[in-house]
Every structure is written in C-alpha cells, then in structure tokens.
C-alpha cells in the first residue's frame, strides 16, 4: 500500500506552495514504522524498570514535547526529525496504555475501547474541519495537529489491543504477532482487489503496525516463563535503535538526492 509521490510534495496554498511534512507511504515507510513500534514497546518497559514508572513517564513526556516541537518547527519532511517524533510517540503511547492498566487498573479491553473512541473523535474533527484525512496533505497548521493526535491515539490503541490478545486472552506474544501480521495484510488486499479507498486502508494498517511490532519485540525481550526468547528489553531496544538509525540515515540521503533532481 504505497502512494506514488515525489520527494518534497507540494500543495497549493495562499502565498505559495508548501512542502509536505510527512514521508511518502512506501515499503520503507512501513518497515521503519513497524521497527519504531517494537522499539517503543521494549524501551518503555526498560525505562520503567530502570527509572521507575513516574520518572520514566515524565522523561518520556519531556522528550516527546521536544520532538514534536522540532517537528512543528520544521518547514518540510526531515527524516531524522520526523522519525524521532514517531519514536517518542511510540514510547509515550506505550506508557499511557500501561499506566491506564497497571496504575489505574483499567482492563485492556476497556482502554482499547476508550482509545478507539478517542481516535474516532480525532478523525471526525479532522475530516469535518479539513475535509480530508489524507496524510500527503499534512503541511503544518491544524492538519499537522490532527495528524499527530491521530498518531498518538493509534499507538495507545495498538498497545492496548496487543496486550489484550497476548496477556488478557492468553494467546502469547508470538501467536499474537503472527495474528497481526496476517491482519495487516487485509487493508492492502482490500484496497487492491476491492473498493476500499486508500485513506481508510492506510489508517487501518497504521493502527495494526503497533501491536504487530510490539508483540514481536516483547516476544524477543521477555523471559521464557512468559513465552519469550529472554533477550532482555534493553538489548532488544538497542538493536532496534541501531537498525532504525541506519534506516533513517539512508532515508535522509535518499531524500536529499531526490530534492536535487
């Protein structure tokens, strides 16, 4: 499910064209997105264990604010800035879902429903205000606020859904990961072989990237008693961070080359 868009897409606005601030939806986009979901899951668990829940949430919230401020200040899509914001949304979104369950005692089924309602509300407000949910039109202003609000809600929703299947329903991390790997193919198939429009197909898949990446990351990091490989959340986070860093560096080089054409 990709969109054929050239680097540095523009849309006409009063005063001149504006560069888009989000990446093209390509296979590389989906690969990095799934990696960030896994990193967010294990990094959240690692920080909560090392720093404690309250300092971890506070630190993640501060870094999220810094990352989103940098993204808001950027005039165009900058891979390092954009993906740093996505990573911090991933970490903080995981913590939000975990706090709702662990600290407040909210069942994952209930929190998943609440986050789904929140996401639907964002979509309704976005669509009624801007007339579209297409991500290629995000070039700052209200659309960017709606975009990142939706991204935050999808991460929290995906975290709750993944924990619901893996923990509450007792399916385990690997079976849950395989389930979401199958489910994420459905919007692409529905878009290609039926009349499902690209925008709902994109957001459907976007939500599912979260439990997909998180379940496999948890499977790699948690103990064997919990059905994992017992590699540790710290090492898994480090490996994912290195892979993401390399991928984002490559995307940055490709973006600069395309901009010169």
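Numbering (UniProt numbering), first residue to last: 1 to 261. The beta-carbon is built from N, C-alpha and C at its ideal position, and this holds for glycine as well. These numbers were taken from a predicted model, which means no experiment stands behind them.
Assigned exposure category for residue i - 16 Cβ within 10 Å defines buried
i	result
residue 225	exposed
residue 14	Note that residue 14 scores a pLDDT of 42, beneath 50, so its modelled location is shaky; the value from the coordinates is reported in the next line. Exposed.
residue 197	exposed
residue 223	exposed
residue 189	exposed
residue 83	buried
residue 102	exposed
residue 212	buried
Three-way DSSP call (helix, strand, coil) for residue i in this model
i	result
residue 196	coil
residue 231	coil
residue 245	helix
residue 19	strand
residue 104	coil
residue 222	coil
residue 251	helix
residue 54	helix
residue 8	A caution first: residue 8 carries a pLDDT of 41, below 50, which makes its placement in the model too unreliable to give a value.
residue 112	helix
residue 260	helix
residue 74	coil
residue 24	coil
Boundaries of the alpha helix (DSSP H) in which residue i is found, first to last residue
i	result
residue 90	79–98
residue 34	27–51
residue 168	Premise fails: residue 168 is in no alpha helix (DSSP H) and is neither H nor E.
residue 136	It is not in any alpha helix (DSSP H) - residue 136 carries neither H nor E in the DSSP assignment.
residue 172	It is not in any alpha helix (DSSP H) - residue 172 carries neither H nor E in the DSSP assignment.
Rounded C-alpha distance that separates residue i from residue j
i	j	result
residue 92	residue 64	7 Å
residue 239	residue 81	20 Å
residue 186	residue 204	9 Å
residue 179	residue 69	36 Å
residue 119	residue 143	15 Å
residue 216	residue 258	33 Å
Worksheet item: Are the region 16–36 and the region 131–151 in contact at 8 Å, needing three or more beta carbon pairs?
Response: yes
Item to complete: Please determine if the region 45–60 and the region 105–123 are in contact, where contact requires at least 3 C-beta pairs separated by less than 8 Å.
Response: no
Discussion item. Any contact between the region 86–100 and the region 154–161? By contact I mean 3 or more CB pairs, one from each, below 8 Å.
Written reply: yes
Item to complete: Assess, as a yes-or-no matter, whether the region 126–133 is touched by the region 36–55 under the definition of 3 or more beta carbon pairs within less than 8 Å.
Response: no
Worksheet item: Would you call the region 160–169 and the region 111–125 in contact, with 3 or more CB pairs under 8 Å?
Response: yes
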